[in-house]
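Colleague: Under this note's numbering, the first residue of the sequence shown is numbered 161, with each subsequent residue one higher. Each residue gets a CB set at the ideal place from its N, CA and C atoms; glycine is no exception.
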Amino acid sequence: MSSPSEKVAEDDRALYLTSAAVLRTHADRTVPGAIVASLSIPWGNTRNDLGGYHLVWSRDLVESAGALVALGAGRTARRTLAYLVATQEPDGSWVQNQWVDGVAYWSGVQLDEAAYPVLLAGALRHGGAAEMHGMAGSDAKAFEHLLTEDALEHMIRSAARFIARTGPATQQDRWEEDAGLTPSTLAPVVAALVVAADHSAEPAATYLRELADDWNASIEAWTYASGTRLSRENGVDGHYVRIASPDVLAGAPISTPVPVRNRPPEASLVPADEMVGTDFLALVRFGLRMADDPRILSTIAVTDAELRTETPSGPVWHRYSGDGYGEHADGSAFDGTGIGRGWPLLVGERAHYELEAGRDARPYLEAMRRMGSSGGMLPEQVWDTEAIPARGLVPGRPSGSAMPLAWAHAEYVKLVRSIALGHAIDRPAAAWHRYHGEAPKAVRATWRFTAPRPTMVAGRLLRLELLTPARAHCSLDGWRTWLDIDARDTGIGIWVADVPGSDGLRPGDGVVFTFWWPEAGRWEGRDFTVALVEGVGPVTPGSPR
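(1) DSSP beta-bridge partners for Met616?
(2) Out of Gly486, Gly502 and Val350, point me to the one whose CA is closest to Ala590's CA.
(3) Using DSSP's beta-bridge definition, name the partner residues of Ile548.
(4) Quick one: is Ala289 buried, meaning 16 or more other Cβ sit within 10 Å of its Cβ, or exposed?
(5) Give the DSSP bridge partners of Trp592, in chain order.
(6) Starting from Trp655, trace the beta strand (DSSP E) both ways and give me its first and last residue.
(7) If distances are taken between C-alpha atoms only, which option among Gly387, Arg423, Gln541 and Pro406 comes closest to Asp433?
(8) Of the residues Ala562, Ala521 and Pro343, which one's Cα is nearest the Cα of Gly502?
(9) Counting Cβ pairs, one atom from each stretch, are 3 or more of them under 8 Å apart for the region 532-543 and the region 578-589?
(10) Within the continuous alpha helix (DSSP H) that includes Arg153, where are the two ends?
(11) At a cut of 8 Å, does the region 372-387 reach the region 326-344 through at least three beta carbon pairs?
(12) Rounded to whole angstroms, what's the CA-CA distance from Ala364 to Gln256? Just pull it up for me.
(13) State the Cα-Cα distance for the pair Ala174 and Tyr480, rounded to the nearest angstrom.
(14) Does the beta-carbon of Arg686 have 16 or more other beta-carbons within 10 angstroms, so that it is buried, or is it exposed?
(15) With DSSP collapsed to three states, give me the class of Asp646.
(16) Could I get the ranges of all uninterrupted beta strand (DSSP E) runs contained in the region 378-412, with 3 residues as the minimum, in chain order?
(17) If we count the other Cβ atoms within 10 Å of its Cβ and call it buried at 16 or more, is Asp646 buried or exposed?
(18) Name the DSSP bridge partner or partners of Val430?
(19) Would you tell me roughly how many angstroms separate the C-alpha atoms of Asp310 and Leu581, rounded to the nearest one?
(20) Counting Cβ pairs closer than 8 Å, one from the region 218-232 and one from the region 567-581, do we hit at least three?
(21) Pairing CB atoms from the region 607-625 with CB atoms from the region 421-430, are three or more of them under 8 Å?
(22) List the whole-angstrom C-beta distance separating Ala197 from Leu215, where the pair is believed to meet the contact cut-off of C-beta under 8 Å.
(23) Is Arg189 helix, strand or coil when you go by DSSP?
(24) Distance, Cα to Cα, Val408 vs Ile414?
(25) Measuring CA to CA, which of Tyr384, Thr247, Gly252 and Asn394 is closest to Arg706?
(26) Looking at the structure shown, is Thr641 part of a helix, part of a strand, or coil, going by DSSP?
(27) Tell me whether Glu470 sits in a helix, a strand or coil according to DSSP, three-state version.
(28) Quick one, which of Ala451, Asp358, Leu553 and Ile403 has its alpha-carbon nearest Ala489's?
(29) Leaving out five residues before and five after Ala527 in sequence, what residues of the same chain have Cβ atoms less than 6 Å from its Cβ?
(30) Please go through the same chain and pick out, in chain order, the residues whose beta-carbon is closer than 6 Å to the beta-carbon of Thr606, but skip the five residues on each side of it.
(31) With 16 as the cutoff for other CB atoms within 10 Å, does Leu643 come out buried or exposed?
(32) Using the C-alpha atoms, what's the distance from Leu390 back to Gly462?
(33) With DSSP as the reference, label Val672 as helix, strand or coil.
(34) Inspect the beta-carbon positions of Gly556 and Val542 and report whether they are closer than 7 Å.
(35) In terms of DSSP beta bridges, what is Leu626 paired with?
(36) Are the Cβ atoms of Ile323 and Ala274 separated by less than 7 Å?
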């Protein structure tokens with residue numbers, strides 16, 4: 161059977177093979193499965209950073225493992241999965257980053273880093289990746305020698321439990337900067353819940369699918385802003401924000417200010433609807449929205465106007481509005497503040513979107529190739545403004561950021577294989593089969609202490625989600641009458657109480673409730689209210705709002 165590299169176009173082969181070598185070079189020789197983000201330190205000639213990028217991030221690790229699968233190195237990818245199983249935290253999460261031996265370095269919590277290992281497990285466990293990429297059946301079966309079934313089941317179940325109990329807001333987004341609600345976290349998290357459900361017993365399986373549907377149906381309510389300055393200036397209805405404040409879950413408007421890191425203090429807080437990023441493309445890559453969804457198209461228009469820069473190497477995108485992670489205007493190194501530059505890996509993500517939209521992705525592949533160094537190393541960022549020869553900064557060429565970046569090389573490899581397949585190679589099959597790019601109809605409104613919604617749309621069923629057993633004491637008529645509901649165990653560390661009759665209430669009505677905690681033998685001591693409001697009809701692809 162021919163290897164994937166034998167089917168690569170001649171123009172792509174050199175960087176494709178170089179990328180394979182880069183990824184293998186970044187794999188640790190003493191701890192099987194560990195792959196660091198980069199052997200470099202960003203702006204290492206001006207700073208003394210103990211960790212640099214010589215660390216393992218579970219997100220970057222899974223990106224690299226996906227590229228190894230695309231290269232036909234399935235057994236190496238399965239060693240990565242074994243490494244992830246071995247380094248999972250007791251609560252089901254993974255630390256923000258770690259040394260190759262599993263010792264934590266930074267301590268932030270990024271919800272997507274609990275999702276990506278589940279997605280890798282889902283792709284490898286049933287041989288789906290082996291069939292897609294033409295690996296021999298014996299190679300797929302070798303997976304069983306690397307992991308026990310019990311260990312894999314425990315990993316998936318623990319990660320799903322952590323996601324379900326912690327989400328939908330994340331303590332840090334994928335750029336490790338802000339807390340809140342962002343499509344680049346929500347997309348893999350929803351997909352991971354669906355994958356975990358397929359590998360769970362009842363009642364956990366049903367609950368995980370319902371939770372995935374509820375969060376998927378809420379993505380626009382949490383992160384899509386209409387009638388903003390940016391949308392008016394670009395002649396569209398609205399756009400997805402880069403990240404929305406966690407306070408949105410408690411009823412705050414999407415415009416609620418959020419911090420922007422790596423900028424001077426006086427410019428570090430901006431309204432969320434004034435900041436866009438490329439994060440929304442994850443909704444298409446992970447199979448939750450179609451490429452021609454009107455909200456996706458509107459955000460494309462805004463982000464291209466705000467974040468796209470043309471360079472001699474091709475188009476490149478900044479991470480988000482006002483990004484401060486990059487060299488200063490005079491070309492001096494990032495020193496805690498700066499100006500964010502274009503990222504080649506974002507060119508690859510845009511190419512995957514173009515592929516899903518049925519357009520030619522090859523120009524973006526060629527642009528990524530031209531952005532590499534003379535030795536074929538892909539950088540974290542490229543310089544995208546006027547040249548500064550004295551500092552070696554040339555438009556469309558590597559800046560002083562990390563180089564090579566394993567994630568960028570992984571994106572290139574996957575893009576080459578995606579073009580051959582006709583769709584994103586790492587699109588989770590379970591999520592695509594469940595949603596086919598369409599948002600599910602919202603039938604429930606969920607309430608939890610970390611997301612105490614003040615209102616819900618009439619016609620939906622109110623679900624109360626709790627982290628310990630409880631009895632919900634509820635009223636649909638202001639305590640004139642009431643009912644008690646014993647929350648049921650979902651089998652995933654969450655207890656739920658669905659309030660009967662709440663889906664029959666009308667705008668202006670409300671549900672009032674409190675809780676009896678049997679393990680503590682006490683009442684909550686305060687009441688909560690969810691008011692009913694008029695709903696907004698769903699937006700379907702190709703239709704006006």
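Modeller: Looking at the coordinates:
(1) Leu692
(2) Val350
(3) Leu553
(4) For Ala289, the predicted model reports a pLDDT of 40, less than 50, meaning its position is unreliable; a value from the coordinates is still stated below. Burial call: buried.
(5) None, per the DSSP bridge assignment.
(6) Trp655 to Asp658
(7) Gly387
(8) Ala562
(9) no
(10) Residue 153 is absent from the structure shown; the chain starts at 161 and stops at 705.
(11) yes
(12) Between Ala364 and Gln256, the C-alpha separation is close to 27 Å.
(13) Each residue's Cα considered, the two are about 31 Å apart.
(14) exposed
(15) strand
(16) 384-386 and 398-400
(17) exposed
(18) Val418
(19) 33 Å
(20) yes
(21) no
(22) 6 Å
(23) Arg189: coil per DSSP, three-state reduction.
(24) 6 Å
(25) A question about residue 706 goes unanswered here, because the residues of the chain that appear run from 161 up to 705.
(26) coil
(27) strand
(28) Measuring from the Cα of Ala489, the nearest candidate turns out to be Leu553.
(29) Excluding residues within five positions, the ones whose Cβ falls inside 6 Å are Ser473, Gly474 and Val507.
(30) Asp374, Arg623 and Glu625
(31) exposed
(32) According to the sequence displayed, residue 462 carries Val and not Gly. Distance between the alpha carbons of Val462 and Leu390 is about 7 Å.
(33) Correct three-state label for Val672: strand.
(34) yes
(35) Trp655
(36) Contact check for Ile323 against Ala274 passes: the beta carbons are separated by less than 7 Å.
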